[in-house]
Amino acid sequence: MKKISILMMCVMLMAALFTGCTQEVETTETDIGQQTTENVAVESANEEKTAEATVYPLTIVDGEDREVVLEKEPMRIVSLAPSVTETLYAVGAGDKLVGRTDYCLYPQETTEVPSVGTIREPNVESIVALEPDVVIVASLFKEEVLIQLEALDIKVFVLKAQESFEGVYETTLNAGLITNHKADAEAVIDSMRADVKLVTDVLDGVEAKSVYYVVGFGESDYTATGDTFINDMLTMAGGDNIAKDGEHWVYSLEKLVEHNPEVVLVSDKYDSLAGFSTHENYQVLDAVKEGRVLEIDSDLLSIQGPRIAQGLKAIAELLHPELF
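Here this note's numbering is used: the first residue of the sequence shown is 219, the next is one more, and so on.
This is how it looks when you write it as structure tokens:
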């Protein structure tokens, strides 16, 4: 039961949260002509980079509709959410990270950055000691932490949890804009869009398969209900989420048994596969009897960073393996 509680806490915690190039020019001119062509290409690239550079002071509205002013490019950043940390590294600003939470574990080099505690209970003194130019948080921060930091004249920017891929694209762009990596952020977004399109194109016209995503199980059942982003991911990945009629992550065992999904997806963490498959509550499900309880990397679904495009593909591959 302890493992089930930990699973629910962690997944809910994560779910509530969050490069330009110049084409080589071929020429048959003299060496001087070649150098001239190369110089033009370099100048063009530099001009493009300059055009994409963030202009400071930067005034930007965050996820809480707060107007945040950054007087200069932030060189020291503390992240209070895994989604923020992953996004910073993805847009090329990982070298600016000086502090993170205990839950920020990806990419691997993140673990070399000092932790300031948990998402909900960060150590304010530790944050202050790192002398950050800005602290970036996601939705599960405590209001009192924000008040404390701002009282100490530390800038705080909130990247709110999103409900769609478009929302994640927006937060990625904001991360790039804040850190002077706008062009890199746009490249990440383009790559994500391409990955998503590859999946949806393959699934075009395919009959949806009924699915249930396990967030918590045992005495109570928790899942990605219809008001969650993961529900949208399940749908986009060729699934028919049986819990789409539910709200706020809560679902009843009776409804789960009644709908009897073709596939059940569980986290690859906390021994969820064994725990769910052997629990007496779920032995009546065909997915349990026929071995269709499948593991998935839950971080790819719950952490709203650039890897959610990989998460979409991972779901699709489990639901429709014959197409991938």
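Just so it is clear, CB atoms sit at the ideal spot from N, CA and C, and this is done for glycine as well.
Give me, in chain order, the residues of the same chain whose beta-carbon lies closer than 6 angstroms to that of residue i; leave out the 5 immediate sequence neighbours on both sides.
| i | result |
| --- | --- |
| Val-506 | Ser-495 and Tyr-500 |
| Gln-528 | Leu-518 |
| Val-331 | Leu-315 and Arg-318 |
| Ala-461 | Thr-441, Thr-443 and Tyr-469 |
| Gln-522 | Phe-236, Ser-301, Gln-380 and Val-386 |
| Asp-486 | Glu-513 and Asp-515 |
| Gly-493 | none |
Whose CA, out of the options, lies closest to the CA of residue i?
| i | options | result |
| --- | --- | --- |
| Gly-281 | Asp-439, Asp-489 and Gln-380 | Gln-380 |
| Ala-405 | Tyr-387, Arg-294, Leu-421 and Thr-441 | Tyr-387 |
| Lys-415 | Leu-298, Leu-512, Leu-288 and Ala-455 | Ala-455 |
| Phe-447 | Ile-460, Leu-471, Thr-303 and Gly-385 | Gly-385 |
| Ala-271 | Asp-458, Met-410 and Thr-397 | Thr-397 |
| Ala-412 | Val-346, Arg-525 and Ser-357 | Arg-525 |
| Leu-474 | Lys-487, Tyr-440 and Tyr-488 | Tyr-440 |
| His-538 | Glu-508, Asp-458, Ser-516 and Glu-465 | Asp-458 |
| Leu-395 | Glu-498, Arg-510, Asp-489 and Val-309 | Val-309 |
| Lys-373 | Ser-409, Thr-390, Arg-294 and Gly-423 | Arg-294 |
| His-399 | Ala-461, Gly-312 and Lys-427 | Gly-312 |
| Asp-445 | His-466, Lys-427 and Ser-428 | His-466 |
| Pro-292 | Ser-301, Glu-349 and Val-334 | Glu-349 |
| Leu-491 | Glu-362, Glu-513, Gly-423 and Val-296 | Glu-513 |
| Asp-408 | Ser-344, Lys-487, Thr-390 and Asp-422 | Thr-390 |
| Lys-378 | Ala-426, Gly-464 and Arg-284 | Arg-284 |
| Gly-436 | Ala-369, Ser-428 and His-497 | His-497 |
| Glu-476 | Asp-422, Val-502, Gly-493 and Leu-370 | Val-502 |
| Tyr-488 | Asp-463, Asp-515, Glu-362 and Tyr-307 | Asp-515 |
| Asp-402 | Ala-299, Val-279, Asp-371 and Tyr-307 | Tyr-307 |
| Val-376 | Gly-509, Asn-478 and Val-296 | Val-296 |
| Leu-370 | Glu-472, Ser-344, Met-410 and Leu-471 | Ser-344 |
| Ser-438 | Leu-471, Gly-464, Met-410 and Glu-368 | Leu-471 |
| Ser-382 | Met-410, Glu-361 and Leu-364 | Met-410 |
| Val-346 | Ile-278, Leu-364 and Lys-360 | Leu-364 |
| Ser-333 | Val-279, Asn-478, Glu-508 and Ala-299 | Ala-299 |
| Lys-279 | Asp-422, Asp-463, Asn-392 and Leu-358 | The amino acid occupying residue 279 in the given sequence is Val; Lys does not appear at that position. Ranking Asp-422, Asp-463, Asn-392 and Leu-358 by Cα distance to Val-279 puts Asn-392 first. |
Tell me which residue opens and which closes the alpha helix (DSSP H) that residue i is part of.
| i | result |
| --- | --- |
| Glu-476 | 471-477 |
| Ile-337 | First-last for Ile-337: undefined, no H or E at that position. |
| Tyr-307 | 300-308 |
| Ser-409 | 400-421 |
| Leu-537 | 526-537 |
| Gly-523 | Where Gly-523 is concerned, there is no enclosing alpha helix (DSSP H), given that its DSSP letter is neither H nor E. |
| Leu-315 | Premise fails: Leu-315 lies in the beta strand (DSSP E), 315-317, not in any alpha helix (DSSP H). |
| Phe-383 | 383-396 |
Using a Cβ-Cβ cut-off of 8 angstroms (strictly less than) and excluding sequence neighbours within five positions of residue i, which residues of its own chain qualify?
| i | result |
| --- | --- |
| Lys-545 | Here the chain covers residues 219 to 542 and nothing more, so residue 545 does not appear. |
| Phe-542 | Val-420, Lys-531, Ala-534 and Glu-535 |
| Thr-336 | Thr-319, Asp-320 and Tyr-321 |
| Val-424 | Gly-456, His-538 and Leu-541 |
| Lys-427 | Gly-456, Gly-457, Asp-458, Glu-480, Val-481, Leu-537 and His-538 |
| Arg-510 | Glu-480, Val-481, Val-482 and Asp-504 |
Along the beta strand (DSSP E) that carries residue i, what are the first and last residues, could you check?
| i | result |
| --- | --- |
| Phe-375 | 373-376 |
| Ser-428 | 427-434 |
| Val-353 | 352-355 |
| Thr-441 | 439-441 |
| Val-287 | 285-288 |
| Val-363 | From DSSP, Val-363 is part of no beta strand (DSSP E) but of the alpha helix (DSSP H) over 361-369. |
| Val-279 | 276-279 |
| Val-296 | 295-297 |
Going along the chain, which residues of its own chain have a beta-carbon closer than 7 angstroms to the beta-carbon of residue i, five neighbours each way excluded?
| i | result |
| --- | --- |
| Glu-530 | Correcting the residue type first, residue 530 is Leu in the shown sequence and not Glu. Only Val-414, Val-417, Met-451, Met-454 and Ala-455 meet the Cβ criterion. |
| Glu-540 | none |
| Glu-304 | Tyr-324, Ile-521, Gly-523, Pro-524 and Arg-525 |
| Glu-368 | Val-374 |
| Thr-277 | Glu-285 and Val-287 |
| Asp-463 | Gly-444 |
| Gln-366 | Val-342 |
Is residue i close to chain D, meaning its C-beta is less than 7 angstroms from at least one C-beta of that chain?
| i | result |
| --- | --- |
| Asp-445 | In the structure shown, chain D does not exist; there is a single protein chain. |
Which ranges does the beta strand (DSSP E) cover as unbroken runs of at least 3 residues, wholly within the stretch 446-512, from first to last along the chain?
Runs found: 457-459 and 481-485.
Report yes or no: do the stretch 473-482 and the stretch 423-433 share at least 3 C-beta pairs separated by less than 8 angstroms?
yes
Quick check: the stretch 312-320 against the stretch 335-354, are there 3 or more CB pairs under 8 angstroms?
yes
Decide if the stretch 324-331 is in contact with the stretch 351-368; the criterion is three or more beta carbon pairs, one per stretch, under 8 angstroms apart.
At 8 angstroms Cβ cutoff, the stretches do not touch.
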